[in-house]
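Below: one structure, written as structure tokens.
Residue numbers (full-length UniProt numbering): 1 to 438.
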């Protein structure tokens, strides 16, 4: 038995597919998406899922259009030989497939921008995204049953788009986590918070229940026979109960989230050197650069020890605060991120660590004027960072380009001095950086 026949040329999903897929491709290759991928599948999946702000409105509008076709055909006024589920399935399955295809294109787009990422796309984010997509398709179908297509399609298209993009502009912050899974996820040092994944899925369940109840209550919806009033009342009560329960549950889940649905990535994910001291640890997506990074760190630590900076036990890419025993480092998958960039990141973090670890006695001799104190602190911090970079192994020409001619002029004069002169300058400059008003 044939469930239904699909006529591609007449279906809204087929007509909308080229434009939607083009928009999705342009979006996933934009800087907003491609800038923070860096071989990390969780971030890439979340970025692909953010394309729902385009996919969901178009899918919902297509569903509204298909519902409008059924409404105009007045199938409900006759005696259909199939029940409403079969008829709705014939109309909505191609729309849902279009949405899933668009999500797959988004995932393929982000994958093409990553170099050999370890692991697989985040299955939980994908599942939540599909749940959200299904709910929006059902809402579009319900609206299309209640309103003529000429009104339903623009209302659904604009309303759905605003539903996706407007909550991030509103307070409280948790509103943004009800519409899109893993919103704001994530840098390499973070992972998606499950509350930010489950919250939108629960909202989707509630919306789907309301949409099914609304469509069932509409007299234009195709069905076998007529529903008794008691069935409509019971269905409405169940739908409202489900919507209320899922709404409360989703708000409870996301209410403690900040602007981004992220949490600290577990340190157990790190890949570390076996015997080197200090131990160097990187995230799995950067593990192919572990040997290179270990050599760079070893050279840097040895050079910095010569100017009185104690060696750490660990140099890690983890998202924890740096300490005397554990320095932090930044590595990128892109080969254009060179060992000089790795050194620059290490020294920047180390400079902040050295400044913050000094005692309050080092603030003596600071200018009384806060503006002058801040200016001196900024200049001294740049000079200190440049000096540390050279001793850590950075090419002097690279240091000159990074810190500018004015800063480098001061640093180069110090580097020409004796060890005792440099150590005295180091202590004095460190104290001047501490003059930053607080």
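Beta carbons are placed, not taken as given, at the ideal position from N, Cα and C, and that holds for glycine.
Item                                                                                                                                                                                         : Value
Quick check for students: name the residue ranges of the alpha helix (DSSP H) that lie wholly in the segment 60-147, counting only runs of 4 or more.                                        : 84-112, 123-146
Using 8 Å as the Cβ pair cut-off and three pairs as the minimum, do the segment 300-313 and the segment 390-400 touch?                                                                       : yes
Given this structure, state the Cα-to-Cα distance separating residue 408 from residue 422, to the nearest angstrom.                                                                          : 15 Å
Exposed or buried, what is residue 278 when buried is set at 16 or more other beta-carbons lying within 10 Å of its beta-carbon?                                                             : buried
Give every residue of the same chain whose Cβ lies closer than 7 Å to the Cβ of residue 419, excluding the five residues on either side of it in the sequence, and list them in chain order. : none
Below 8 Å on the Cβ atoms is my contact criterion, and I expect residue 239 with residue 210 to pass it. Report the Cβ-Cβ distance as a whole number of Å.                                   : 5 Å
Taking only runs of the beta strand (DSSP E) that begin and end inside the segment 142-184, which ones reach a length of at least 3 residues, in chain order?                                : none
Does the ligand NAP have a heavy atom nearer than 8 Å to the CB of residue 198?                                                                                                              : Absence of the ligand NAP from the depicted structure is noted, as is the absence of any ligand whatsoever, leaving it without description.
Tell me, please, whether the segment 174-184 touches the segment 127-134 by the rule of three or more beta-carbon pairs shorter than 8 Å.                                                    : yes
Compare the C-alpha of residue 85 against each of 380, 222, 368 and name the closest.                                                                                                        : 222
Identify whether residue 282 lies in helix, strand or coil by the three-state DSSP scheme.                                                                                                   : strand
Got a sec? Which residues, its chain only, sit under 7 Å from residue 369 by beta carbon, not counting five neighbours each side?                                                            : none
Which word fits residue 312, buried or exposed, when buried means at least 16 other C-beta atoms lie within 10 angstroms of its C-beta?                                                      : buried
Taking only three categories from DSSP, how would you classify residue 414?                                                                                                                  : helix
Below 6 Å CB to CB, which residues in the same chain sit around residue 28 once its five sequence neighbours on both sides are set aside?                                                    : 106, 109, 110
Which residues mark the beginning and the end of the alpha helix (DSSP H) in which residue 263 is found?                                                                                     : No alpha helix (DSSP H) contains residue 263, which is instead part of the beta strand (DSSP E) from 262-264.
Using a Cβ-Cβ cut-off of 6 Å (strictly less than) and excluding sequence neighbours within five positions of residue 94, which residues of its own chain qualify?                            : 11, 13
Quick check: the segment 341-357 against the segment 55-64, are at least 3 beta-carbon pairs closer than 8 Å?                                                                                : no
With a threshold of 7 Å on Cβ separation, who are the neighbours of residue 348 within its own chain once the five nearest residues in sequence on each side are excluded?                   : 385
Inspect the beta-carbon positions of residue 201 and residue 262 and report whether they are closer than 9 Å.                                                                                : no
Here's the rule: buried if 16 or more other CB atoms are within 10 angstroms of the residue's CB, otherwise exposed. What is residue 317?                                                    : buried
Residue 126 and residue 42 - do their beta-carbons sit closer together than 9 Å?                                                                                                             : no
At the level of alpha carbons, what is the spacing between residue 70 and residue 99?                                                                                                        : 21 Å
I'd like to know if the segment 23-40 and the segment 279-288 are in contact, where contact means that at least 3 CB-CB pairs between them fall below 8 Å.                                   : yes
Quick check on the burial criterion: 16 or more other C-beta atoms within 10 angstroms. Buried or exposed for residue 306?                                                                   : exposed
Assuming contact is defined by CB atoms lying nearer than 9 Å, are residue 153 and residue 68 in contact in what I supplied?                                                                 : yes
From this set, 265, 74, 197, 290, which residue's C-alpha is nearest residue 276's C-alpha?                                                                                                  : 290
Please state the DSSP three-state secondary structure of residue 271.                                                                                                                        : strand
Within 10 angstroms of its Cβ, does residue 260 collect 16 or more other Cβ (buried), or is it exposed?                                                                                      : buried
Closest by CA to residue 251, which one among 281, 172, 273?                                                                                                                                 : 172
Across which residues does DSSP place residue 422 in a beta bridge pair?                                                                                                                     : In DSSP, residue 422 forms no bridge with anything.
Work out the CA separation of residue 315 and residue 174 for me, nearest whole Å.                                                                                                           : 35 Å
In the DSSP assignment, find the beta strand (DSSP E) that holds residue 326 and state where it starts and stops.                                                                            : 326-328
Give the DSSP-derived three-state secondary structure of residue 12 in the structure shown.                                                                                                  : helix
Cα-Cα, which of 101, 433, 212, 219 is closest to residue 236?                                                                                                                                : 212
Can you grab the Cα-Cα spacing for the pair residue 17 / residue 97, in whole Å?                                                                                                             : 10 Å
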